[in-house]
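Enquirer:
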Amino acid sequence: KKGIAGNVRTYTTAMNACAKVGKVAEAMDVLKRMEEKGIAGNVVTYTTAMNACAKAGKVAEAMDVLKRMEKKGIEGNLRTYNTVMKACAKAGEAAEARKLLEEMDKKGIAGDVVTYTTAMNAFAEAGNMAEAMEMLKKMEKKGIAANVVTYNTVMKACAKAGEAAEASMLLEEMEKKGVAGNVVTYRTAMNACANAGNLAEVTKLLAEMERTGAVGDVVTYTTAMKAFSKAGKWGKAKEVEEEMKKKGVGVDDDDYDW
């Protein structure tokens, strides 16, 4: 912090270093020193400071830096808003994510798949499945194609809400649109089914994985086993264990307590 001398690039680099190691207070101190020395920052400088806040889920601080930047006549760009949106997602601040999207609309800043997926993550973290689903539709209406991260994010909202049918519907939609699922997709969908205690959907998902050749991770299979064992379906739980072994998914005895 002491003895920093140089230009805007020097200070931006210093803030970026702080952001990488999660030192928000230090990044803010560097920004303050830069301003006190009369060195004019640019959009990269302030976005870097926001990123330090975002990584720590400090929404108010990220918003404050955005306002400070705008007061200096520096307009934020897409990356700026995506960075602040990241702070909202990390903190599960759905209301702030909503406000940010409205602000972008007013300023004519078009969001991209990162913007909307990050906003969906804010809704998912806040346990607001309906709004996450609505955001997916809104994004697609704007002609922005959802990717696997987008679907995984909305599926996470379904899992938190215990909405197995909605998670299964998203999987079907992904297949129709040619979006290949990954390990996170199946793990999250299985979690949604298990949380709902919906054994029919757990069975359907296992069959879907078999049909498509998808291989889940140890969490995916143990989640299914726990769902069956909780319902007293020990035979089905054993079948899943055998399937997991057949697919070469490693598991230790400590990985499950079903």
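So in this note's numbering the end of the sequence shown lands on 1249, straight run, no missing numbers. Where a beta carbon is used, it is the ideal one built from N, C-alpha and C, also for glycine.
(1) With DSSP run on the structure shown, which of helix, strand or coil describes GLU1234?
(2) Can you tell me where the alpha helix (DSSP H) with ASN1186 in it begins and where it stops?
(3) On a Cα-Cα basis, can you pick out the residue from LYS1014, ARG1089, LYS1063, VAL1193 that is closest to LYS1049?
(4) Alpha carbon to alpha carbon, how far is VAL1140 from ASP1096? Give it in angstroms, no decimals.
(5) Enumerate, from N- to C-terminal direction, the unbroken alpha helix (DSSP H) stretches of 4 or more residues contained entirely within the region 1044-1123.
(6) Can you tell which of VAL1209, LYS1081, ALA1047, LEU1022 has the C-alpha that lies nearest to the C-alpha of THR1144?
(7) What's the gap between the Cα of GLY1029 and the Cα of ALA1136?
(8) Going by beta-carbon coordinates alone, are ALA1187 and GLU1154 separated by less than 8 Å?
(9) Specify the secondary structure class of ASP1208 as computed by DSSP and reduced to three states.
(10) Identify whether GLU1154 lies in helix, strand or coil by the three-state DSSP scheme.
(11) Nearest by alpha-carbon distance to ILE1065: which of PHE1219, MET1025, THR1038, GLY1239 is it?
(12) Under a Cβ-count criterion, where at least 16 other Cβ atoms within 10 Å of its own Cβ denotes burial, should THR1203 be classed as buried or exposed?
(13) Is the beta carbon of VAL1021 less than 8 Å from the beta carbon of MET1041?
Expert: To lay it out plainly:
(1) On the sequence shown, residue 1234 is found 243 positions in, with the first residue counted as 1. Here DSSP, grouped into helix, strand and coil, assigns GLU1234 to helix.
(2) The residue given as residue 1186 occupies position 195 in the sequence shown. ASN1186 -> alpha helix (DSSP H) spans 1174-1187.
(3) On the sequence shown, position 58 is the one that residue 1049 refers to. That would be LYS1014, whose Cα lies nearest to the Cα of LYS1049.
(4) The residue labelled residue 1096 in the question sits at position 105 within the sequence shown. The residue labelled residue 1140 in the question sits at position 149 within the sequence shown. The alpha-carbon separation between ASP1096 and VAL1140 amounts to approximately 23 Å.
(5) With a minimum length of 4 residues, the continuous alpha helix (DSSP H) runs that stay inside the region 1044-1123 are 1050-1062, 1069-1082, 1085-1098, 1104-1116.
(6) Taking the first residue of the sequence shown as position 1, residue 1144 is located at position 153. Per the Cα distances, LYS1081.
(7) As a first step, residue 1029 must be located in the sequence shown, where it is residue number 38. As a first step, residue 1136 must be located in the sequence shown, where it is residue number 145. Their Cα atoms are separated by approximately 44 Å.
(8) For the purposes of this step, residue 1187 is taken as the residue at position 196 of the sequence shown. For the purposes of this step, residue 1154 is taken as the residue at position 163 of the sequence shown. The Cβ-Cβ distance between ALA1187 and GLU1154 falls below 8 Å.
(9) By 1-based counting over the sequence shown, the position of residue 1208 is 217. Taken through DSSP and simplified to helix, strand or coil, ASP1208 comes out as coil.
(10) Position 163 of the sequence shown, counting from 1, holds the residue named residue 1154. GLU1154: coil per DSSP, three-state reduction.
(11) Residue numbering aside, residue 1065 sits at position 74 when the sequence shown is read from its first letter. Closest by alpha carbon: THR1038.
(12) As a first step, residue 1203 is located in the sequence shown; it is residue number 212 there, counting from the start. Taking all protein chains shown into account, THR1203 has fewer than 16 neighbouring C-beta atoms within 10 Å of its C-beta and is therefore exposed.
(13) Here residue 1021 corresponds to residue number 30 of the sequence shown, with the count starting at 1. Here residue 1041 corresponds to residue number 50 of the sequence shown, with the count starting at 1. No, the pair does not count as a contact, with Cβ atoms beyond the cut-off.
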